[in-house]
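In what follows, a single structure is set out as structure tokens and then discussed.
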Amino acid sequence: MLDNAPRMTSSAVRVRVAPSPTGDPHVGTAYQALFNLAFARQREGKFILRIEDTDRARSTSESEHMILDSLNWLGLGWDEGPDVGGPHAPYRQSERLPIYREHVDRLLADGHAYRCFCTKERLDAMRADHREKKEFTGYDRKCREIPVDESASRAEAGEIFVVRMKIPLEGDCVMRDVLRGEIRKDWASVDDQVILKSDGFPTYHLANVVDDHLMEISHVIRGEEWISSVPKHLKLYEYFGWEPPVFCHLPLLRNNDANKSKLSKRKNPTSIEYYRRAGFLPEALVNFMGMIGWTRAEGEEKFTLEQFIEHFDIESLSLGGTVFDVEKLRWLNARYIREDYDAASLLKLLQGWALGPEYLEKIVPLAQPRLETLSDWGFLTAFFFADCVPVREEDLTLKGKEPSDVAGILQMSVWRLEELASFDAESIQGVLRSLSEKLDIKLRDLTRPFYVAITGSKASTPLFDSMELLGRDLVRTRLRHAIELLGGLSTKKTKALEKDYRALFTAS
Ligand code: GLU
Numbered sequence: 000m001l002d003n004a005p006r007m008t009s010s011a012v013r014v015r016v017a018p019s020p021t022g023d024p025h026v027g028t029a030y031q032a033l034f035n036l037a038f039a040r041q042r043e044g045k046f047i048l049r050i051e052d053t054d055r056a057r058s059t060s061e062s063e064h065m066i067l068d069s070l071n072w073l074g075l076g077w078d079e080g081p082d083v084g085g086p087h088a089p090y091r092q093s094e095r096l097p098i099y100r101e102h103v104d105r106l107l108a109d110g111h112a113y114r115c116f117c118t119k120e121r122l123d124a125m126r127a128d129h130r131e132k133k134e135f136t137g138y139d140r141k142c143r144e145i146p147v148d149e150s151a152s153r154a155e156a157g158e159i160f161v162v163r164m165k166i167p168l169e170g171d172c173v174m175r176d177v178l179r180g181e182i183r184k185d186w187a188s189v190d191d192q193v194i195l196k197s198d199g200f201p202t203y204h205l206a207n208v209v210d211d212h213l214m215e216i217s218h219v220i221r222g223e224e225w226i227s228s229v230p231k232h233l234k235l236y237e238y239f240g241w242e243p244p245v246f247c248h249l250p251l252l253r254n255n256d257a258n259k260s261k262l263s264k265r266k267n268p269t270s271i272e273y274y275r276r277a278g279f280l281p282e283a284l285v286n287f288m289g290m291i292g293w294t295r296a297e298g299e300e301k302f303t304l305e306q307f308i309e310h311f312d313i314e315s316l317s318l319g320g321t322v323f324d325v326e327k328l329r330w331l332n333a334r335y336i337r338e339d340y341d342a343a344s345l346l347k348l349l350q351g352w353a354l355g356p357e358y359l360e361k362i363v364p365l366a367q368p369r370l371e372t373l374s375d376w377g378f379l380t381a382f383f384f385a386d387c388v389p390v391r392e393e394d395l396t397l398k399g400k401e402p403s404d405v406a407g408i409l410q411m412s413v414w415r416l417e418e419l420a421s422f423d424a425e426s427i428q429g430v431l432r433s434l435s436e437k438l439d440i441k442l443r444d445l446t447r448p449f450y451v452a453i454t455g456s457k458a459s460t461p462l463f464d465s466m467e468l469l470g471r472d473l474v475r476t477r478l479r480h481a482i483e484l485l486g487g488l489s490t491k492k493t494k495a496l497e498k499d500y501r502a503l504f505t506a507s
């Protein structure tokens, strides 16, 4: 325990996770949920789920639904949230807009914030200029000088603006973190952060602080990547005259690679949904996440959520070694399957996973035209029940293309599929069709390596429907596996490919 670190004590513990529903439910969210939940349970506090959906372009209700569903699957339930309600409802930020407006107005009235009328063109030119001179690339504060009356009348006249908070021009911000003690940052390196966007939506910073205060959050336990936001947040607490919560930033989850880079889906599956589909058990995943950064005194690595809650001490969390080692997770998962299930309960588990009517009913119509005998079912549909499928590199071919070109095409499809709001057969077909048109390759030819990568064989059930059933995560994993088989893509090659990709697709 560091001397100058704040203590995790408080009479009424209220903690939260605040995911943004902008993509797959991330294992990082589950990791944070686990520590928050355990901390709340240890202190008879409350654990809250808040949906931070102020990014209108990227937030989807599908993603929100998946986040709630995945956390429930893991058994990391909450006391208050958008689905269960609670004393501080609503728990979805898009339903709290008047609250944020009121608080922005308060900051404007008190002179702690100002309207900024700068156009995108001006800001782009300013940034380019700063970059060239190697200066601080933040906003140059031009509009901070606009007199209050002029600012109000320009807004009244309908001029478009954002609102920025005023950051001190000099001095240091001193913040305290439970795991790191005192951290200092000079204010000169902090930008006059936008707190209200031109569409009337708050940014993360404002909404997060206002909600943490109104929802009476006592401890903010979240990922390390948010440390750099703390100075802005502390300033907002000060401007509003509120007591800030205790901050505890959890170390980032990392890939198990040589330089222990930040966990990314380029290297590891990061979606909880992937682990569910690939046949990992929720109790193993929760156990595994608990193991990251915390070792039980007795050294036993297998433990239940209840045991974790009983013994875990957040103040003793180590800052290093938070590696998301999938091999270790597999080992642990295997122990659960072997040690915690008898044949009858394992059968139930398998049925609930993929061998139940719900999934099988969808596969049957795809398989039917290709069955000569019922026993063809086994080999034909095995890939629906697998994580990765065995693929031979020599089958991943495309007429007139080198293996590295095929890898590039598969990678482009990964990016393109990533952008799909809905992962259904029609949209997937649309992606491959547009790829075939842009690359001037017949769709029939283009789909060949896809068949092989996804199903493991050259002919199988219809490709697009099969991809829909497998879902985004297994498809991504298999395409990535195929890219690796074809020799992989170096950083340099990926950069060049990204450029080609942008050139091909930005206009569409
Ligand atoms: N919405 C933020 C996220 O997606 C929440 C960060 C925080 O916990 O303050 O991670």
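In numbering that gives the first Met the number 0, the protein residues as written are 0 to 507.
Ideal Cβ positions, reconstructed from N, Cα and C, are used throughout, including at glycine.
Source: prediction; values computed, not measured.
Item to complete: Please report the residue range of the beta strand (DSSP E) in which Phe246 lies.
Response: Val245 to Leu249
Worksheet item: Taking the alpha carbon of Leu416 as the point to measure from, which residue in Asp78, Leu434, Ala206 and Leu373 has its own alpha carbon closest?
Response: Leu434
Discussion item. Just to confirm the assignment, what range does the alpha helix (DSSP H) spanning Ala333 have?
Written reply: Val325 to Asp339
Discussion item. Excluding the 5 residues flanking Lys266 on each side, which residues of the same chain have their C-beta closer than 8 Å to its C-beta?
Written reply: Asn254, Asp256 and Ser260
Fill in: Through-space distance from Thr53 to Tyr90, alpha-carbon basis
12 Å
Fill in: Under the three-state DSSP convention, the category Arg443 falls into
helix
Worksheet entry | Boundaries (first-last residue) of the alpha helix (DSSP H) holding Leu67 | Ser60 to Trp72
Worksheet entry | Lys234 versus Val208, Trp225 and Leu252, residue with shortest Cα-Cα distance | Val208
Worksheet item: For the stretch 159-236, which segments carrying the alpha helix (DSSP H) assignment without a break, of at least 4 residues, lie completely within its bounds, in sequence order?
Response: 203-213
Worksheet entry | Endpoints, alpha helix (DSSP H) assigned at Ala112 | First-last for Ala112: Ala112 to Cys115, but that is the beta strand (DSSP E), not the alpha helix (DSSP H).
Worksheet entry | At least three beta-carbon pairs within less than 8 Å, the stretch 181-195 to the stretch 161-171 | yes
Discussion item. Pop quiz: Glu79 and Pro20 are said to be a contact at Cβ under 8 Å. What is the actual Cβ separation, rounded to whole angstroms?
Written reply: The pair is not a contact, with the Cβ atoms about 17 Å apart (cut-off 8 Å).
Item to complete: Please list, in chain order, all residues of the same chain as Ala502 whose beta carbon is under 8 Å from its beta carbon, the five residues on each side excluded.
Response: none
Item to complete: Enumerate, from N- to C-terminal direction, the unbroken alpha helix (DSSP H) stretches of 4 or more residues contained entirely within the stretch 388-460.
Response: 402-417, 424-438 and 442-454
Worksheet item: In three-state DSSP terms, what is Val14?
Response: strand
Practice prompt. Would you identify the three-state DSSP class for Leu252, choosing helix, strand or coil?
Written response: coil
Practice prompt. Write down the C-beta distance between Val390 and His480 rounded to the nearest angstrom, noting that I regard them as a contact closer than 8 Å.
Written response: 7 Å
Worksheet item: Who does Ser270 pair with in a DSSP beta bridge?
Response: His25
Worksheet item: Is it buried or exposed for Ile159, if we count other Cβ within 10 angstroms and need 16 for buried?
Response: exposed
Discussion item. Any heavy atom of the ligand GLU inside 8 Å of the beta-carbon of Glu326?
Written reply: no
Discussion item. Is it buried or exposed, Gln192, if we count other Cβ atoms within 10 angstroms and call 16 or more buried?
Written reply: buried
Practice prompt. Per DSSP, which residues does Gly80 bridge with? Please list them.
Written response: Gly84
Worksheet item: Are the beta-carbon atoms belonging to Asp210 and Arg40 less than 9 Å from one another?
Response: no
Discussion item. Would you say the beta carbon of Arg95 is closer than 8 Å to some non-hydrogen atom of the ligand GLU?
Written reply: no
Discussion item. Residues in the same chain with beta-carbon distance under 7 Å from Cys387, minus the five sequence neighbours each way, listed in chain order, please.
Written reply: Thr476, Arg477 and His480
Item to complete: Select from Ser459, Ser228, Ile308 and Val451 the residue whose C-alpha is nearest the C-alpha of Glu43.
Response: Ile308
Item to complete: Determine the contact status of Ile220 and Arg179, defining contact as a CB-CB distance below 9 Å.
Response: no
Fill in: Closest residue to Val474 among Leu409, Leu438, Ile336 and Tyr500 (Cα-Cα distance)
Leu409
Practice prompt. Flag Ser542 as yes when its Cβ comes closer than 8 Å to any non-hydrogen atom of the ligand GLU, and as no otherwise.
Written response: Because residue 542 is not part of the residues shown, which for the chain are 0 to 507, the question remains open.
Discussion item. Tell me the DSSP secondary structure of Gly468 in three-state form.
Written reply: Strictly speaking, residue 468 in this sequence is Leu, with Gly absent from that position. Helix.
Practice prompt. Could you tell me the distance, in whole angstroms, from the CA atom of Ala343 to the CA atom of Glu300?
Written response: 26 Å
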